[in-house]
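Heads up: the sequence lines are chains A and B, in that order. No gaps in the numbering here: position 146 of the first sequence is 146 in this note's numbering, and each next residue is one more. No gaps in the numbering here: position 93 of the second sequence is 1093 in this note's numbering, and each next residue is one more.
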Amino acid sequence: MAGLESVGEITGAIRSGRASAVEVCRDAFARIAQLDNPLRAFLTRAEDSALRLAAELDRRRADWAQLPLLGVPIAVKDTICTRGVRTTAGSRMLEHYEPPYDATVIERLVAAGAVPIGKTNCDEFAMGSSTENSAFGVTRNPWCLDRTPGGSSGGSAAAVAARMVPIALGSDTGGSIRQPAALCGVIGIKPTYGRVSRYGLIAFASSLDHIGPIATSVADAAAALQAMAGPDPLDATSQRAAVPAFAAALTADVRGLRVGVPRAALTGGVDPEVMDAFDSALDLLRQEGALTVDIALPHNQHAVTVYYLVATAEASSNLSRYDGVRYGFRAAQAETLSRMYDLTRDEAFGPEVKRRIMLGTYVLSAGYYEAYYRKAQQVRTLIRRDYDAAFEQVDLIAMPTSPTPAFRLGERIDNPLQMYLADVFTVGISLAGLPAISVPCGFTADGLPIGLQLAARAMDEPTMLRAADAYERLTTFSRRRPPA
Amino acid sequence: MPADFTSDDLARVAQLARVELTPDEQHLFSRQLAEFLASARQVQEVDTDGVPPTSHPTGAFSPLRDDVVRPSLANEAALAQAPESDAGAGLFKVPRVLG
């Protein structure tokens, strides 16, 4: 079955009888067995349920033509609930948690023929930019084993980069799909807020949480997004708009497309090799007929701070559900209920989660709410308005996805403020709820991948996918593979 | 402009959030949160007179559905993940409430 890697190759091989869904599934597990040590992208391998599902697909011949992801193995970030399959969110708190239901995205992907094969490592409750905050060990970057894969969806990005699976699901609150995709040299999409149901996503910051795909091509990522997107009665914030046919947008034509570049926001702290790759990407888009336009995002300088004020406030509320009563960990020795709460949350939350709960509780507390939380919400409005104004002049906004390539494991773990700067180009877009994609746009001299981020107007994923796909066809970066 | 963040603030917040912290964590988090909040001063200086807050990127909305009874999580399934429960009585169990 070697060589069956893309959605088109896998579905084509199964439909023509050259491979069975079970064979494709076994192949994926064989690759994981071969590659996941030392990468450690996976926390749980769901071999039994995956093979059962694949065997069932092999029997359902009459349905094959209607299944766009027929037999395609997918990896799932461990913040997304899978019925009966352990879902930890990278936390001791949920170390043995088996959800009684599937997230809507899982139901939809399975209905489209995909086969979930396992759960991937992530920062605890998706709080981090390096996957080092997982309670279950670090994931390594397939391009360089002593570097992080980014985060928080680092396991999903590493699994796709190492070609263990063609598609993985991530979740993105401030950049957690786009940044690891960039650092691992693959495609990552954060859709418009509400385009994809959050039902079954373990909540971090509800006004910022998104689920999206990671893949090795824009076309495959678009196919996965197509299967997941659309309104869901189980998520009141899912958008009711109809989902356009994303594949139809992949015309490879960028002529006349206006691409905004916030030059002033890109000064300082950006690695020179990242900047060179970014500028070369813009040159190429211009050669193909796109126009680049200088735009201003004057409030973007506040985006990281605003993001951490808003996201931690929401997290402190969302994570109050972990009380040791209904599910998850409970401290053993507590004699009273209130003592049980205190000890349970002390023993089962890691340092970054505690830090964020402390910050979020503080900025929501009496006497500080106005000065911090409400102020941040107001500046969030100004950040959104900057994007609205820019999108009156342009169709897309381009930025590097991450200011640096993959950093070394351990390099930033003791310095949260420095770690937070990894998100400088992704959080503003998150605060505005806009769709964005990261697509590989080069490599450093040391062979580390670099990502180009393209953001679009709300609900305009087609324009974003069209430009990213066109760029991908003009370059070879996303076809390059990490060293074996 | 709020005063600097202190270890007393942290102790108060830890109690509000119901998280016991070790002395090492208290020391470290006091310093790190004070650092972060100092950097947040720049945000506090932004002119936001008359700017409405954004609590939600797509605007607040509350779609309504028909009020009909539908199947939901069964009692056994709800209790299955509990650290301690009385399945026969259909209850979660907790340590005594009054100290």
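Quick reminder that beta carbons are idealized off the backbone N, C-alpha and C, glycines included. As the structure is a prediction and not an experimental result, all values here were calculated from the model.
Cβ-Cβ distances below 6 angstroms link A:R147 to N141, A406, R408 in the same chain, with the five nearest sequence neighbours on each side left out; the list follows chain order. At a cut-off of 9 angstroms between C-beta atoms, B:D1009 counts as an interface residue with respect to chain A. Annotation for A:D48: the continuous alpha helix (DSSP H) segment containing it runs 47 to 59. Beta-bridge partners assigned by DSSP to B:L1091: B:D1086. Residues of chain A whose Cβ lies closer than 9 angstroms to the Cβ of B:T1006 do not exist, since the nearest Cβ in that chain is about 11 angstroms away. When secondary structure is reduced to three states using DSSP, A:I10 falls in the helix class. Going by C-alpha positions, A:L208 is about 17 angstroms away from A:A456. Taking 8 angstroms as the cut-off between beta carbons, the residues of the segment 1011 to 1022 of chain B near chain A are R1012, V1013, A1014, L1016, A1017, R1018, V1019, E1020, L1021, T1022, in sequence order. For A:T173, the closest C-alpha among the options A:C122, A:A159, A:G451, A:A162 is that of A:C122. When DSSP reads this structure, A:P116 sits in a beta bridge with A:I74.
Contact between A:G170 and A:G212 holds: their C-beta atoms lie close to 6 angstroms from each other, under 8 angstroms. Short of 8 angstroms from the beta carbon of A:E288, and not among the five residues preceding or following it, lie these beta carbons of its own chain, in chain order: V254, R255, A470, L474.
Among the CB atoms of chain B, one or more fall inside 9 angstroms of the CB of A:L208. At a cut-off of 9 angstroms between C-beta atoms, A:M127 does not count as an interface residue with respect to chain B.
If you ignore the 5 residues before and after B:E1076, its C-beta comes within less than 7 angstroms of the C-beta of A1087, all in its own chain and listed in chain order. Under the Cβ criterion of 9 angstroms, A:F329 is counted among the residues facing chain B.
Secondary structure of A:A41 (DSSP, three-state): coil. Residue nearest to A:S6 within the set A:A55, A:L70, A:G17 is A:L70 (criterion: CA-CA distance). The count of Cβ pairs closer than 8 angstroms, one atom from the segment 393 to 404 of chain A and one from the segment 371 to 383 of chain A, stays below three, leaving the stretches out of contact.
Between A:V85 and A:P116, the C-beta gap is smaller than 9 angstroms, which places the two residues in contact. If you draw a straight line from the Cα of A:Q378 to the Cα of B:S1055, it comes to about 9 angstroms. According to DSSP, residue pairing for A:D294 in a beta bridge involves A:V261. Between the segment 384 to 391 of chain A and the segment 418 to 434 of chain A there are three or more inter-stretch CB-CB distances shorter than 8 angstroms, so the stretches are counted as touching. In the three-state scheme derived from DSSP, where H, G and I count as helix and E and B as strand, A:I177 is classed as coil. In this structure, A:V110 is the residue among A:W64, A:V110, A:G90 with its C-alpha nearest to the C-alpha of A:R83. A:F278 is positioned such that its CB atom lies no closer than 9 angstroms to that of A:L465. Cβ neighbours of A:A62 within its own chain (closer than 8 angstroms, five residues either side excluded): none.
In the DSSP assignment, A:H210 falls outside any alpha helix (DSSP H) and within the unbroken beta strand (DSSP E) covering 210 to 215.
Contact of B:H1027 with chain A is not assigned, every C-beta pair being separated by 9 angstroms or more.
Chain B places no beta carbon closer than 9 angstroms to that of A:P435, leaving this residue out of the contacts.
For A:S438, the pairing in a beta bridge is given by DSSP as A:G188, A:Q453. Under the criterion of beta carbons closer than 8 angstroms, B:Q1032 and A:P416 qualify as touching, at roughly 6 angstroms.
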